Every structure is written in C-alpha cells, then in structure tokens.
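Written out below as structure tokens is the structure these notes cover.
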Amino acid sequence: MRLTRYFLPTLKETPAEAQIVSHRLMLRAGMVRLEAAGIYSWLPLGLRVLRRIEQIVREEQDAAGALELLMPTIQPAELWRESGRYDDYGKEMLRIKDRHERDMLYGPTNEEMVSAIFRNFAKSYRDLPKLLYHIQWKFRDEVRPRFGVMRGREFLMKDSYSFDLDYAGARASYNRMFIAYLRTFARMGLKAIPMVADTGPIGGDLSHEFIILAETGESAVYCDRGLTDFDILGESVDYEANLQPLVDKWTSLYAATDEKHDAAAFAALPAERRMEARGIEVGHVFYFGTKYSGPEAMNVTVTGHDGKLVHPEMGSYGIGVSRLVGAIIEAHHDQAGIRWPAAVAPFQVGLVNLKVGDAACDALAGDLYAKLAAAGCDTLYDDRDERAGVKFADMDLIGLPWQLVVGPRGAKTGMVELKNRASGAREELTAEAALNKLVDPTSQLGGLLQELGKGLSPG
RNA sequence: CGGGGCGUAGCGCAGCCUGGCUAGCGCGUCUGGUUUGGGUCCAGAAGGUCGCCGGUUCGAAUCCGGCCGCCCCGACCA
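The first sequence begins at 99 in my numbering and counts up by one.
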C-alpha cells in the first residue's frame, strides 16, 4: 500500500480525552475514532489489526473443533424472557423497539440464542458434543465506558458455546477451549496466564480468566513466576487426545486476580517465584452446566442413550477481540509508539523513501516495493514528499515490525537500512540482502510471513 | 448511578474570575521560498454558530438557569 493513497490520519498531539497509553496511541496512529462514549469507528489501519486478531482467534477455534456460525446483533426479547434474563439483566442491556412496537435488544451475549438454535436442531445424544462459536459485535450499555476500545460499550467478541451429554464431556470441551486460548494468545505475542475465576452460584473449579500482564493493567494479579516460562506453542497439542494433563500443567501453579487472591497460599511460595503484577483480562472460559439448557430456562433436550431426555451440559468461552487491540498495545509499546508483534501487525514492513523525487531513491524503493508485494509481504510504502523526521516519527508511531529505509546516502550504491521496531536494532545492508531477510521462506521471518499470509484477506 | 472536571478552528490550549473594538496562540492544512537521514526555517492564506436553549444587560465566550456531550475517581463488567 502506498501511503499517499492510504487513509492514515496520524496525530502529533494527543487528544485530551485519551488517558491510557493504548487509547492515546490508537488515536494518534489513526486507528479509531470515537463516535459516542464507548463506541468507535475503525479506520483502515485499526481494522487491519482487528482482522488479524480475529483471524488468529478463528484459526485456533477451528483447530480445536469449534464450528463457526453467525448470529445477529439484534435479538428478540422473547428469547430472554424464556431464560428470565430479560428482567435480570438491567440497564446494561440496550433495549429497543421495532416499528411494530415489539421488544428487541442489541445482544450483550448469546447464550439464549445459541441454545434456541441448538434446541431446534439437536435431537439425540448422537448430535453431541458440539462446540459453536461466532465473532460478532456486542453491546453492553456500561455505566462508564473507558480506556478506549478496552472498555467500550460496543465491542467485538468471539464467544463459543459447548454442548455435551455429561459433565465429563463438558470438561473435555472446556479443556479444548482452555488450550485453544493459550495458543491463541501466544500466537499474538502475548503471555496470557489463566487464573481461577469466580464461578458464581454454579460452583466448581471450571472457570478461568485469561490475563495478560501489562504495567497499565486494570487489576492486580498474583502468580507463580514459573507460569511465565511455560510455552504452549512448544507443546504438541492433539485435540482428540486427553487434554487434562496439559490443562493441569497450566493450573498447577498459583495464579489469581486480586478478588480471588489467597494471601496465605501466595506467601507460601518461595520469594523469588512470587510475582505481583498488573493484568488485563482478554478471555474467559466458563462451565455453567444446565443453567441455560435446563427446564427453568431454554429447556434444551436431546434423547440420551437410554431413550430418556437429557439437558446438555453447557459452557461458554469468550475472547474480547476488539479489547485485544488495546491490550496488545498496552503490552507492546514504547515512548515513540506501538511495537506490533508480527502476527497482528497491520503491515509487516514499512518501506520508507527518504527522498521522494530523487531518481536513485525512487527507483530503489519502487523496486523493493514491487518485490515485497510479489513475495506476498504486506508493505506500507511511505512515498510521501515529507521530511525524514516526519516519516520516521510516523513509522515508529504505527509500529510496523520492520522499517526498510531507502535514503540518498545509500541508494546510489544499493544500500538500505533495516530497522527492527521492537528491538530498535538497525543494520546497513544491500537491498538484495534486506529483501532476502524479509521474504526468504527459509528465514525465521520469511516462514512467519508465509504462515501469516495463509487465509488473510487484504484489508 | 454517586462525586469531580471539561466543552473556544482538524488537534492541543489561552481568554471567563473583574462583561466592551474585527476572539487569540501553538501544531496541523493550503500557497511561495528554503531545507533535506529523526516531527526544518521564513513569508502569506484559509479555517470558529465560543456545545445547545433561554435569561440578565445598552452590550455575553465571559454573569445566571436548564439541557446535551465528553473525561476522571468510585461502585460494576469481556
């Protein structure tokens, strides 16, 4: 993409309303625009990131055996009256009426609807187990939206729902999602730590929040330092096998948010393993049994092995997709701007032509742009007639993993500079060598790019 | 929803307390020149219903009342 043709309204100064760093950077980098409290338009750069995150989530859900569907944003109140939540949910639910004065609502979640869908089609134990998910905009009329997209009223969420014949099956589904979540966040360059969460009236130990560590996190967290050394991507995961040992490994060490914190248990850890930090919740997995499938709610039944009707055991599993955009920035930024992990970056390479109009610079940069494009590498080519400082500042701000700089100093001899945004490391090398480094499929980055390229649509 | 703060040009702000010429400044934008490896410098220009409605007054960005919007702290949540 040529920057002269792109829509990238970067800001030098920080808008007054933004307090936390991710919100500031998203506004300054031209990713989003506030439309109303907690409601945002996603501008082209922000949308690209949102889509990358969404796609990683989708791939891991699919890999874990979940099936994608798409339910509407607007739901009839009838469903919620069935479960009893229409009256319980309170003002957080945005209630609307259609032209016939029928009560509708903008969905804050989808347990009722997915239960109704499942109830309609599933008849027998042979239809179980099933894991259904969708990625859809939700609305919760928060009293106080804040932190930009991290706590908006409208937000993009991936929510999955599992249906199993019995508790053992539900636990297996839970484990699938648990592992899928670990992989999902790890692929995004995040260290997400599962922490025991409140299960409410259901009880049991089957609810975990996935928390990423960030200095600016919303809540205090306490955990065993050993958890940060675990690497799910290094494990071989077979979703058809028993996942319990793997789940046990991740839940064996102490980890809790402040509301579930057990000071005594934490104090029992060796001092060097005690870690106190700040965290942001990016996912939540929850087993709730027959709360929604039961007779007092949606009354979902299938015929069991013995011919008797049974209510499926359910669970739900959420990932805050739009929230992740902010959360990732909280975890990956510096003074100058964002430092995107490659897997979610809006573009992989920022190609900077320092002197547009200079024959050597134009030719070399143009050639590199064409070759990067041919190699399938998402490249943002800064071909603006701007000063070097402006270009560098914008590049650092939007945080693409690699900056490929073509300037008059080196262009004559075919030399360019390659800068790694995350580490800040720069090296002078020939254009050819830089290209090979960026797109050679045998190189680490090249391999990553190839993997990223799969299934990604241009944004 | 309780407490606090703020709405003046695209963005960041001053002016308001103590009403008074054509409402300012910086950044950005446009034009010309200059400069050219980290947000150049000079000159010129465009751009504002001072959030909205009403009141007080000879006169309101400024004082008073109401409303709307946004932000922060708290309680609540992905």
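Just so you know, even glycine gets a beta-carbon here, dropped at the ideal spot from N, CA and C.
Keep in mind it's a predicted model, so treat the numbers as computed, not measured.
- How many Å lie between ALA215 and ASN397 at the Cα? The identity of residue 215 in the sequence shown is Ile, whereas the question assumes Ala. Spanning the two alpha carbons is a distance of roughly 12 Å.
- Whose CA, out of ASP356, GLU394, ALA135, ALA361, lies closest to the CA of GLY246? Looking at ASP356, GLU394, ALA135, ALA361, the one whose alpha-carbon comes closest to that of GLY246 is ALA135.
- Message: Please tell me whether ILE277 and GLU152 are closer than 7 Å, where the distance is taken between their beta carbons.
- Response: In terms of Cβ geometry, ILE277 and GLU152 do not form a close pair [threshold 7 Å].
- Whole-Å CB distance - VAL212 paired with LEU229, under 8 Å assumed: Rounded, the Cβ-Cβ distance is 11 Å, inconsistent with contact.
- Nearest neighbour of ASP322, chosen from ILE291, PHE308, GLU316 [CA to CA]: ILE291
- Message: Just to confirm my understanding: we take GLU530, look at its own chain, exclude 5 residues before and 5 after, and list those with CB closer than 8 Å. What are they?
- Response: GLY512
- Item | Rounded C-alpha distance that separates ALA363 from HIS431 | Cα to Cα, ALA363 sits roughly 33 Å from HIS431.
- Sub-7 Å separation of GLY448 and LEU495 beta-carbons: no
- Query: Where does PHE568 sit, in a helix, a strand or coil, going by DSSP?
  - Reply: The requested residue 568 is not part of the displayed model; the chain covers only 99 to 557.
- Item | Contacts around ALA473, its chain only, beta-carbon distance under 7 Å, and the 5 residues preceding and following it disregarded | VAL537
- Message: Judging by CA-CA distance, which residue of ARG131, ALA116, PRO113 is the nearest neighbour of PHE105?
- Response: ARG131
- Query: How about GLU307 and GLU370: are their beta carbons less than 7 Å apart?
  - Reply: no
- Query: Are the beta-carbon atoms of ASP257 and LEU192 separated by less than 7 Å?
  - Reply: No, the pair does not count as a contact, with Cβ atoms beyond the cut-off.
- If we call anything under 7 Å between Cβ atoms a contact, is VAL514 one with ALA220? no
- Contacts around PHE445, its chain only, beta-carbon distance under 8 Å, and the 5 residues preceding and following it disregarded: MET99, ARG146, ASP476, THR477, LEU478, LEU498
- Can you give the Cα-Cα distance for LYS358 and ASN518, rounded to whole angstroms? 40 Å
- Task: May I ask you to list the residues that DSSP assigns as paired with PHE219?
- Result: Paired residues: none, contrary to the question.
- Task: Evaluate contact between the stretch 185 to 204 and the stretch 163 to 174, counting only Cβ atoms and requiring at least three cross-stretch pairs below 8 Å.
- Result: yes
- Of the residues PHE490, ALA441, ALA457, which one's Cα is nearest the Cα of VAL450? PHE490
- Message: Considering only DSSP beta bridges, list what VAL447 is partnered with.
- Response: According to DSSP, residue pairing for VAL447 in a beta bridge involves THR477, TRP500.
- Message: LEU325 and ALA353 - do their beta-carbons sit closer together than 7 Å?
- Response: In this structure, LEU325 lies closer than 7 Å to ALA353 by Cβ.
- Task: Verify whether the separation of the beta carbon atoms of LEU109 and ASP480 is less than 7 Å.
- Result: no
- Query: Which one or two residues does DSSP pair with ALA353 in a beta bridge?
  - Reply: CYS321
- Message: Is it buried or exposed, THR528, if we count other Cβ atoms within 10 angstroms and call 16 or more buried?
- Response: exposed
- Message: If we require 4 or more residues per run, which alpha helix (DSSP H) segments fall completely within the stretch 382 to 440?
- Response: 419 to 429
- Query: What's the C-alpha gap between GLY163 and ASP262?
  - Reply: 14 Å
- Task: Tell me, to the nearest whole angstrom, how far the beta carbon of LEU533 is from that of SER420; I am working on the premise that it is less than 8 Å.
- Result: Not quite, the Cβ-Cβ distance comes to about 35 Å (not below 8 Å), so this is no contact.
- Item | Spatially closest choice to SER222 from GLY508, PRO410, LEU177, by CA coordinates | PRO410
- Query: Of all the options ARG251, ASP296, ARG269, GLY508, which has the alpha carbon lying nearest to the alpha carbon of GLU190?
  - Reply: ARG251
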